[in-house]
Amino acid sequence: MKRATIVVVVTTAITTLFLIGLAAAQTGSFAGLGQPILVTIEQAVPVDVTVAIPQADDTVVTATVPLTIGVNLQIKIDGASVVAVEPAADAEPVVVAAEAVVDEQESASDDGQLLDAAGIPYAVQAPDDLVITQVTSKSTFNSTSIVGQIENVGDQTYSFIMLSAPLYDANGVLLDVGGGAASTSELAPGKKTAFTILATVPYGDVASYELQIEGM
């Protein structure tokens, strides 16, 4: 017995435009920005299902049936801030939801020591109105980078923010002092900015570090 051949022709495209905002630090490296974003897309897509049925005389009889297929898609975007998620102009109505995936950006050890998202202990020296909202450290080309976000919780506008970070080994010996700056030139009250600090020491040698923040 010859089996029918089913051909599915999608008549409506599914196109969603993601505009990702990435703030670049003055070093040229991209800062680790924002919390991961989970984008959920739900759309009903009309399709034409064409069934081709071979006959005994080698002819083919076709029949087309319109159907609607439900599409449910989730995309997780790490290390970026989603500025907008919107369907393309020619797409059918679509339900799009974007939400932050809440990851614990910092925690504390049993002795009260702050830990970054990578589990590395750190301390902070900063003005009271400049608060670290998230921070992590990682290996970058056999060096160390520290990326995070600062929020201005006061009523003063800062025109410039400079950061440095002494890095220490497991014995408390100073390995290097990394330097960096915020990705924006001005930080108004209630606003946040990303930052990147780079150091030449291998990441595997770093046991702890201290974030030193100066604003003016």
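As numbered in my numbering, residues 16 to 231 make up the sequence shown, in order. Using N, Cα and C, we set each Cβ at its ideal position, and we do this for glycine too.
Check: At the level of alpha carbons, what is the spacing between Ile-212 and Thr-83?; Outcome: 51 Å
Check: Would you say Gly-135 and Tyr-224 are within 8 Å of each other, going by their C-beta atoms?; Outcome: Note that residue 135 corresponds to Ile in the displayed sequence, not to Gly. Taking 8 Å as the Cβ cut-off, Ile-135 and Tyr-224 qualify as a contacting pair.
Check: Which residue or residues does DSSP assign as beta-bridge partners of Glu-201?; Outcome: DSSP, once it has assigned bridges, lists no residue as partnering Glu-201.
Check: For the beta strand (DSSP E) holding Ser-160, just list the boundary residues, first then last.; Outcome: 158–167
Check: Can the beta-carbon of Asn-167 be found closer than 8 Å to that of Asp-184?; Outcome: no
Check: Verify whether the separation of the beta carbon atoms of Tyr-173 and Met-231 is less than 8 Å.; Outcome: yes
Check: Among Ala-141, Val-80, Glu-201, whose alpha-carbon lies nearest the alpha-carbon of Asp-63?; Outcome: Val-80
Check: Hey, quick one: how far does the beta strand (DSSP E) through Thr-211 stretch, first residue to last?; Outcome: 207–214
Check: Would you report the Cα separation of Gln-164 and Gln-149, rounded to the nearest angstrom?; Outcome: 5 Å
Check: How would you write the range of the beta strand (DSSP E) that Tyr-137 sits in, first residue to last?; Outcome: 136–140
Check: Have a look at Val-188 and Met-177 and give me their C-alpha separation to the nearest angstrom.; Outcome: 24 Å
Check: For Ala-209 and Ser-198, which I take to be in contact (beta-carbon distance under 8 Å), what is that distance rounded to the nearest angstrom?; Outcome: 5 Å
Check: Between the beta-carbon of Ala-214 and the beta-carbon of Ser-154, is there less than 8 Å?; Outcome: no
Check: When the Cα atoms are used, what is the spatial distance from Val-216 to Glu-229?; Outcome: 23 Å
Check: Does DSSP put Gly-230 in a helix, in a strand, or in coil?; Outcome: strand
Check: Assuming Tyr-218 is part of the beta strand (DSSP E), what are its boundary residues?; Outcome: Taken as a continuous stretch (DSSP letters only), Tyr-218 belongs to no beta strand (DSSP E), as it is neither H nor E.
Check: Find out if the Cβ-Cβ distance for the pair Ala-180, Thr-151 is shorter than 8 Å.; Outcome: no
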